[in-house]
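In order, the protein sequences belong to chains C and G.
To convert, take the position in the first sequence, counting from 1, and add 7; that gives my numbering.
To convert, take the position in the second sequence, counting from 1, and add 7; that gives my numbering.
Data first, discussion second: the structure below is written as structure tokens.
Number of protein chains: 2
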Amino acid sequence: MSALPTDGRVVALSGGVGGAKLALGLYRVLPPDSLTVIVNTGDDFDHLGLRICPDLDTTLYTLAGLAHPEAGWGRRDETWTFMRALESLGSETWFRLGDGDLALHVERTRRLARDESLTAFIGAIARRLGIRAAIVPMSDDPVRTRVMTDHGELGFQEYFVRLRCEPAVRSLRFEGAAAANVSAAAADALDQPGLAAVIVCPSNPFLSIDPILAVPEMRSLLKQAAAPVIAVSPLIGEHAVKGPTAKIMRELGWTVAATSVAEHYGDLIDGFVLDERDREQAGRVQVPLAMTDTLMTGLPDRERVARAALALARELRDPGPAEGPV
Amino acid sequence: MSALPTDGRVVALSGGVGGAKLALGLYRVLPPDSLTVIVNTGDDFDHLGLRICPDLDTTLYTLAGLAHPEAGWGRRDETWTFMRALESLGSETWFRLGDGDLALHVERTRRLARDESLTAFIGAIARRLGIRAAIVPMSDDPVRTRVMTDHGELGFQEYFVRLRCEPAVRSLRFEGAAAANVSAAAADALDQPGLAAVIVCPSNPFLSIDPILAVPEMRSLLKQAAAPVIAVSPLIGEHAVKGPTAKIMRELGWTVAATSVAEHYGDLIDGFVLDERDREQAGRVQVPLAMTDTLMTGLPDRERVARAALALARELRDPGPAEGPV
């Protein structure tokens with residue numbers, strides 16, 4: 008097991024379930040207080056009068072050790088009395104809200120209504136839950152992912168949850184992004200001289216990472232960052248481990264392959280972590296590569312992928328003797 | 008067992024737990040669709056961004072058969088995951104909200120925000136829960152009970168739940184009452200020619216019934232009602248079955264006795280149901296009396312007290328041969 012990088016802070020860009028797995032790996036291999044996770048808020052929506060931030064909450068629960076071990080979303084030891092009662096009242100039940108999860112939505116809605124920023128709220132909750140990483144929304148301004156499909160334009164959760172990603176995606180639009188500002192905490196995290204690595208987590212590039220990149224300053228902050236930007240492939244062969252990445256890539260006209268993801272990120276990234284099963288694609292990726300088994304089933308997997316990404320960043324940052332103190 | 012009155016509608020005025028017991032008795036002995044319960048909303052408040060209406064909800068749960076069998080408030084088969092999670096987030100937990108109960112608050116808050124009236128919302132929920140009685144708020148306008156105590160002025164729930172009625176009450180104020188209108192459904196229920204009885208349930212006269220009476224039109228509607236107004240004593244000897252009635256009466260300078268309750272209601276009532284254990288007080292009540300065991304432990308008790316109150320109303324309405332078809 009290699010020594011861990013301890014020479015600076017690391018920033019991760021992440022969506023929900025898939026991204027949070029690697030965020031947890033990074034959190035575990037890095038020293039405390041050295042990770043900032045910038046999280047997609049394009050999936051956020053108002054439902055039943057409550058502000059729901061699925062990706063931020065998944066990240067919180069994952070890093071706090073509260074996440075449901077199988078589902079990847081929601082809380083462990085959850086109960087569902089609220090949903091059953093809501094159903095008996097004839098209300099909307101297509102978006103499942105667990106009883107414990109609801110506490111976060113109710114508390115957030117209350118505090119945002121008192122003009123607390125989303126950044127401040129998530130920061131306070133993360134500290135309260137004992138998380139020693141910064142979890143920050145990409146923006147405190149509303150950005151809402153809209154999905155243009157063969158069934159018309161849909162809100163993200165309508166498409167993703169209510170219609171289970173069944174409509175074919177024609178294009179995506181990030182409503183509000185053009186007018187949004189990168190959150191101060193995200194900007195500060197990217198704009199520090201001692202930054203060691205920026206890791207783009209293996210979230211869906213189109214649904215989860217693109218909304219982050221759609222906030223105007225974000226690309227320039229990434230380009231000016233002192234550290235290399237490393238993306239981790241969300242694909243193994245033609246398959247995403249979870250979720251509709253492969254289906255959407257096909258619908259948007261991309262070849263379903265890790266190389267397409269690297270191509271999609273283009274000159275934004277300085278390095279790419281490819282699954283070792285996709286070794287034959289290595290020659291077609293235009294940036295320096297690391298290869299590992301990217302399938303993250305247990306904690307050791309999450310740590311392994313985190314180490315691979317961090318090692319590649321270190322290599323690119325300090326291209327000295329290949330066998331340096333990685 | 009006497010025949011039931013079937014010749015008109017009945018209106019009950021009620022607060023929470025104690026009143027709902029008799030409302031259930033009336034509901035069970037009357038034909039379907041003939042009871043209207045006008046419920047106190049002075050206890051309503053906004054908490055965690057949710058509109059909570061404790062007395063309306065207790066009435067709904069009680070008549071729907073969903074009430075907690077022992078507590079008298081909240082739902083049966085309730086779970087408490089939300090409160091535990093809320094506590095872990097460091098939020099306010101002095102007001103206990105069950106997971107199932109929460110569905111009603113979330114759904115109400117959402118629908119009131121869309122300009123649905125409280126009357127319309129409660130009506131829709133009552134129908135949805137299969138209740139064949141009308142449950143109507145005393146007013147659709149906000150009335151908030153404020154408690155002047157030796158610890159200063161308190162909101163009702165602060166006094167009642169947070170401080171467990173411990174401060175000594177100096178006086179009560181029903182904020183908003185002067186400007187409030189009786190809800191149209193309550194006014195219509197009281198203003199019908201075929202009305203058979205108005206029953207003032209054995210709720211706390213000062214905390215639960217007075218806010219209803221504080222809405223300006225309410226007293227004149229009761230005085231002009233075609234039916235006799237019958238109050239049921241909330242006291243047995245010097246004790247209230249539940250809640251702080253006796254303590255508050257003492258603090259407000261009243262002798263703790265059923266006669267004081269009758270005196271407090273004054274010329275608003277035409278008849279009074281006294282507990283048979285208080286027989287020796289009978290001579291000091293200025294209105295016609297019925298006597299029964301008013302302790303409502305099980306369903307048969309609730310039905311017995313309901314029948315006693317309805318029989319007294321019938322007697323006063325139709326003072327013919329004493330042995331008529333009651």
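Virtual Cβ for every residue (Gly too), placed ideally from N, Cα, C.
Closest by CA to residue i, which one among the options?
i: L275 (chain G); options: G:T262, G:R286, G:E283 and G:L228; result: G:L228
i: D106 (chain C); options: C:R115, C:R91 and C:S98; result: C:R91
i: S21 (chain C); options: C:G97, C:M145 and C:R226; result: C:M145
i: P39 (chain G); options: G:G49, G:V17, G:I45 and G:P218; result: G:V17
i: L70 (chain C); options: C:V46, C:A318 and C:L296; result: C:V46
i: R151 (chain C); options: C:P174, C:A184, C:H158 and C:L319; result: C:A184
i: T299 (chain C); options: C:L306, C:R286, C:G305 and C:G290; result: C:R286
i: G23 (chain G); options: G:L33, G:W80, G:P149 and G:I59; result: G:W80
i: V143 (chain C); options: C:F128, C:G137, C:P149 and C:D157; result: C:F128
i: E173 (chain G); options: G:R117, G:Y272 and G:A253; result: G:A253
i: R134 (chain G); options: G:A234, G:R291 and G:L67; result: G:L67
i: A3 (chain G); options: G:E123, G:V205 and G:D308; result: Because chain G is modelled from 8 through 333, residue 3 (chain G) falls outside the range shown and cannot be assessed.
i: G159 (chain C); options: C:K28, C:P149, C:V176 and C:D147; result: C:V176
i: V280 (chain C); options: C:R139, C:F52 and C:L317; result: C:L317
i: P212 (chain G); options: G:S240, G:A194, G:A297 and G:S98; result: G:S240
i: E224 (chain C); options: C:G201, C:E245, C:L214 and C:L197; result: C:L197
i: S98 (chain C); options: G:L104, G:L73, G:A131 and G:R103; result: G:A131
i: T304 (chain C); options: C:A186, C:A78 and C:F52; result: C:A78
i: F167 (chain G); options: G:D51, G:D325 and G:R284; result: G:D51
i: E258 (chain G); options: G:L214, G:L37 and G:L296; result: G:L214
i: A194 (chain C); options: C:A232, C:R103, C:Y272 and C:F163; result: C:A232
i: L96 (chain C); options: G:C60, G:L96 and G:V113; result: G:V113
On the DSSP bridge assignment, give the partners of residue i in chain order.
i: H246 (chain C); result: C:I243
i: A19 (chain C); result: C:V44 and C:I206
i: H54 (chain G); result: G:L57
i: P144 (chain G); result: G:V46
i: R153 (chain C); result: C:G162 and C:R180
i: L296 (chain G); result: G:F279
i: R82 (chain C); result: C:A74
i: I138 (chain C); result: Answer by DSSP bridge pairing: none, since I138 (chain C) is not bridged.
i: A238 (chain G); result: G:V207 and G:F279
Name the two residues that bound the continuous beta strand (DSSP E) containing residue i.
i: D282 (chain C); result: G278 to D282
Taking C-beta to C-beta, are residue i and residue j nearer than 7 Å?
i: L323 (chain G); j: D277 (chain G); result: yes
i: I216 (chain G); j: A320 (chain G); result: no
i: D64 (chain C); j: L111 (chain C); result: yes
i: F181 (chain C); j: A141 (chain C); result: no
i: A269 (chain G); j: L242 (chain G); result: no
i: G32 (chain G); j: A313 (chain G); result: yes
i: G25 (chain G); j: K230 (chain G); result: no
i: T88 (chain C); j: T86 (chain G); result: yes
i: R226 (chain C); j: G56 (chain G); result: no
i: G335 (chain C); j: A203 (chain C); result: Outside the modelled stretch of chain C, which goes from 8 to 333, sits residue 335 (chain C), for which no answer is possible.
i: W101 (chain C); j: R169 (chain C); result: yes
i: D147 (chain C); j: L125 (chain C); result: yes
i: G49 (chain G); j: P251 (chain G); result: no
i: A27 (chain C); j: A19 (chain C); result: no
i: R35 (chain C); j: E310 (chain C); result: yes
i: L73 (chain C); j: R82 (chain C); result: yes
Identify the continuous alpha helix (DSSP H) that holds residue i and give its terminal residues.
i: I219 (chain C); result: D217 to L220
i: F89 (chain G); result: T88 to S95
i: T266 (chain G); result: A265 to Y272
i: S227 (chain G); result: P223 to Q231
i: D195 (chain G); result: A191 to L197
i: R321 (chain C); result: L306 to R324
i: M303 (chain G); result: Counting along the chain, M303 (chain G) falls outside any alpha helix (DSSP H), and DSSP gives it neither H nor E.
i: L37 (chain C); result: L37 (chain C) -> no alpha helix (DSSP H), and no H or E assigned at all.
i: E258 (chain G); result: T252 to E258
In chain order, each alpha helix (DSSP H) run of at least 4 residues that lies wholly inside the stretch 107-136 of chain C | Inside the stretch 107-136 of chain C, DSSP marks whole alpha helix (DSSP H) runs of 4 or more residues at positions 125-135, from first to last along the chain.
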